[in-house]
Amino acid sequence: MCGIVAYLGCREAYPILIRGLHRLEYRGYDSAGVAVLNDEGKLNIYKAVGKVSNLEQVAEGHDCSGTIGIAHTRWATHGAPNEANAHPHISQSGDLTMVHNGIIENAGGLRDQLKAKGFSFRSETDTEVLLQLIEYTQQKHGADLASAVRSALKKVIGAYAIAVIDRKEPGTIVAARKSSPLAVGLGEGNSEFFIASDASPIAGYTNKVVYLNDEEVVVCRRGEPLYITTLNADKVDFRTKEIDLDVTMLDKGGFPHFMLKEIFDQPSVLRDCMRGRLLPAHHRIILSAVTEHREELIGAKRYLMVSCGTSWHAALIGKQLIEQFCRIPVEVAYASEFRYSDPVVGPGDVVFAISQSGETADTLSAIQMASERGAMVFGIVNAVGSSIARASDTGTYIHVGPEIGVASTKAFTGQTTVLTMLALAIAREKGSISETDYNDAITELEQIPDKIERILAKNDEIKALAKEYVDKKNFLYLGRGMNFPVALEGALKLKEISYIHAEGYPAAEMKHGPIALVDEDMPVVFIATHHNLYEKILSNMQEVAARKGRVLAIVSEGDTVVKGIAEHVIEVPPTANFLSPLVSVIPLQLLAYHIAVSKGLNVDQPRNLAKSVTVE
Ligand code: F6R
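Position 302 (the sequence shown) corresponds to 302 in our numbering; numbering is contiguous.
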């Protein structure tokens, strides 16, 4: 949901800002813009509708010099994605320029007040309203930029991560955040500051990062140390974190799209996810959060899981894992519903927040509410240092590296792997799993990355198969038990990148309605691997075949029965029932990818979507 970058230092700002925007483009790509203040004190601002590459074309051949600048890639909330609404915005006097990620909820009222005071507006955005409010405050009180930003922010309701430059203070950037992420990278000495929505634009320049907290304002001034205050101007002592971001993970590594790279990354990143935690030689799973919070975890009355989208699908799998192994009841809620449902949650409950980005606004609000009501919050997050990670009492990172493709793939398998380790670790502490089952589970889990490699070797086969489905308008995905959430995930992958309507359903529910949709033009994807409900799903498949539905089935290697019913099958290596989602989802990711590519669509940046949903 919009990405911002800012730079102040001794190097040319423009290339750093553009590179940063490319890395943040996953957050939105409706428009992009950059403002650089040159040595003569002139602000040069360039904007373009669409991608960052369009912006580069617009700026080419123009003056982009200067060692201080701000930049933005937009996912539209207020106002159409056109050039006028693109950031950076400029204040009435032309002195101030600002980029913003978030939503100012009382922008309408403030706009009217500012109009009454003689301000006019060039865009429909809430951002311009905040900028003009800063300028008004400066003019009214003769305030410097930092003081004006603090006072203006006290008047706004909503979410913001902003970076502002004032031509009158050419060596300063003021930035602030509330409910939208912001990180500040510290270069050598006091001479260099990198500000960004996440650490990816900073990686490669410095590994020292400060993550701002809500309602903090940071002043980056040439030659001076970083200075952070509250909105009331009270100084804040901050901590610098060392980031360990593998810059090669931020490139496509020879693949045509991030999504395909991330699908192929899965064997290695899942090994990283298990490294040091799954210890087959010692027959142990060690998760520090479980060791440190053993009593709360095994003594909890029940668990709740809150998340959105793909992470919600992982939660549905986590529920089954925990209920099976730990015999603790688990409720799964969409974070967006939970936060407005006046939930019955309190002391004794453990609330798991599952999130790749760690910035999803609804998930963050849900755990803040759960925390206020006395529950313990356990984060299962990918982005290190993110808001959800910091708002959690404890947690386990999934450690699958940055996920750039908008459609989540490796984060899903990473979340599922962590949830599996978590269920087994808690079960062992609780004594609800036998030693033999625990040891067998560890052995099986360790083999998953190798099994995924075997599925990835079928990429060409799945690519060829995908071509047969390109013209379809609808799909059904059916699974049962552990594979029902995989059916939901397969359908979500397809619809978000190929724009084909797809429904995921528990296979047996089909005859309570959706079977009416089945005809010779309806592809029905069954997840029919050899598991406890295999016989049942065969009957469901027969029901579809009898109505001439076109069955594509994910089956265990060597299955001959399904081959007699389905039009196409994709074989996956056999595994234990509880691990089945980790293998059965892989062909569905590849199928969605190849269908979308065959349709000529940009799978990394599907229309209307953004990677990190930091607005509700
Ligand atoms: C789908 C997808 C989204 C996210 C959802 C939650 O491919 O990526 O549905 O899963 O927006 O995001 P996180 O996990 O960052 O909280």
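The beta-carbon is built from N, C-alpha and C at its ideal position, and this holds for glycine as well.
Excluding five sequence positions before and after Pro485, the CB atoms of its chain that fall closer than 7 Å to its own CB belong to His313, Leu316, Ile317, Pro581, given in chain order. Taken through DSSP and simplified to helix, strand or coil, Met522 comes out as coil. A straight line joining the alpha-carbon of His399 with that of Arg547 spans about 45 Å. Beyond the five residues adjoining it in sequence on each side, Pro170 comes within less than 8 Å, by CB distance, of Leu37, Gly41, Ile68 in the same chain, given in chain order. Counting only heavy atoms of the ligand F6R, the residues whose C-beta sits closer than 5 Å to one of them are, along the chain, Cys308, Gly309, Thr310, Ser311, Ser355, Gln356, Ser357, Thr360, Ala407, Ser408, Val613. By the C-beta density criterion, Gln266 is buried, having at least 16 other C-beta atoms within 10 angstroms. Excluding sequence positions up to five before and after Phe193, its CB lies within less than 8 Å of the CB of Ala6, Tyr7, Leu8, Gly9, Ile173, Val184, Gly185, Leu186, Gly187, Cys220, Leu226, all in the same chain and listed in chain order.
Between Val562 and Ala528, the gap from beta carbon to beta carbon is short of 7 Å. Rounded to the nearest angstrom, the Cβ distance from Pro587 to Ile570 is 4 Å, consistent with a contact under 8 Å.
DSSP places Gly3 in the strand class (E or B) of the three-state scheme. Using a Cβ distance threshold of 7 Å, Asp95 and Arg167 count as a contacting pair. Secondary-structure assignment with DSSP links Lys235 through a beta bridge to Thr229. Burial is judged here by how many other beta carbons sit within 10 angstroms of a residue's own beta carbon; Ala281 has fewer than 16 and is exposed. Within the stretch 108-143, the complete alpha helix (DSSP H) runs of at least 4 residues fall at 126-141.
In this model, Val99 and Asn232 are separated by some 22 Å (Cα to Cα). Contact annotation, Ala148 with Gln138: C-beta distance approximately 4 Å; criterion of less than 8 Å satisfied. In the structure shown, Pro506 falls within a strand segment according to DSSP collapsed to helix, strand and coil.
Scanning its chain for C-beta atoms nearer than 7 Å, with the 5 sequence neighbours on each side dropped, one finds around Ser387 the residues Pro181, Gly358, Glu359, Leu364, in chain order. A straight-line Cα-Cα distance of about 27 Å links Ala59 and Thr206. Beta-bridge pairing by DSSP links Arg177 to Ala161, Glu216. Glu135 sits close to Ser91, with the two beta carbons spaced by under 7 Å.
Nearest in C-alpha terms to Arg222, of all of Glu535, Arg11, Lys458, is Arg11. Exclusion of the five residues before and after Phe475 leaves Tyr469, Ala491, Leu494, Ile500, His501, Ala502, Glu503, Met522, Pro523, Val524, Val525 as the residues of its chain whose Cβ lies within less than 8 Å of its Cβ.
Under the criterion of beta carbons closer than 8 Å, Lys241 and Gly253 do not qualify as touching, at roughly 26 Å.
According to the DSSP assignment, Tyr469 belongs to no beta strand (DSSP E), since it is labelled neither H nor E.
Glu543 and His257 have their alpha carbons spaced roughly 38 Å apart. Check the Cα spacing between Gly20 and each of Tyr438, Ala71, Val603, Glu56: the tightest is with Ala71.
Pairwise C-beta distances place the stretch 422-432 out of contact with the stretch 506-520, as fewer than three of them are shorter than 8 Å. Per the DSSP secondary-structure output, Ile45 pairs in a beta bridge with Ala35. Residue burial is scored here from C-beta neighbours: Ser539 has fewer than 16 other C-beta atoms within 10 angstroms and is therefore classed as exposed.
Thr73: member of the beta strand (DSSP E) spanning 68-74, first to last residue. Taking C-beta atoms under 8 Å as the contact rule, Ile380 and Gln415 qualify, at a distance of about 6 Å. Listed in chain order, the non-local C-beta contacts of Asp214 below 7 Å within the same chain comprise Arg177, Lys178, Ser179, local neighbours out to five positions each way being set aside.
When DSSP states are grouped into helix, strand and coil, Arg550 belongs to the strand group. In the DSSP assignment, the residues bridged to Tyr397 are Val381. Tyr334 is bridged by DSSP to Ser307.
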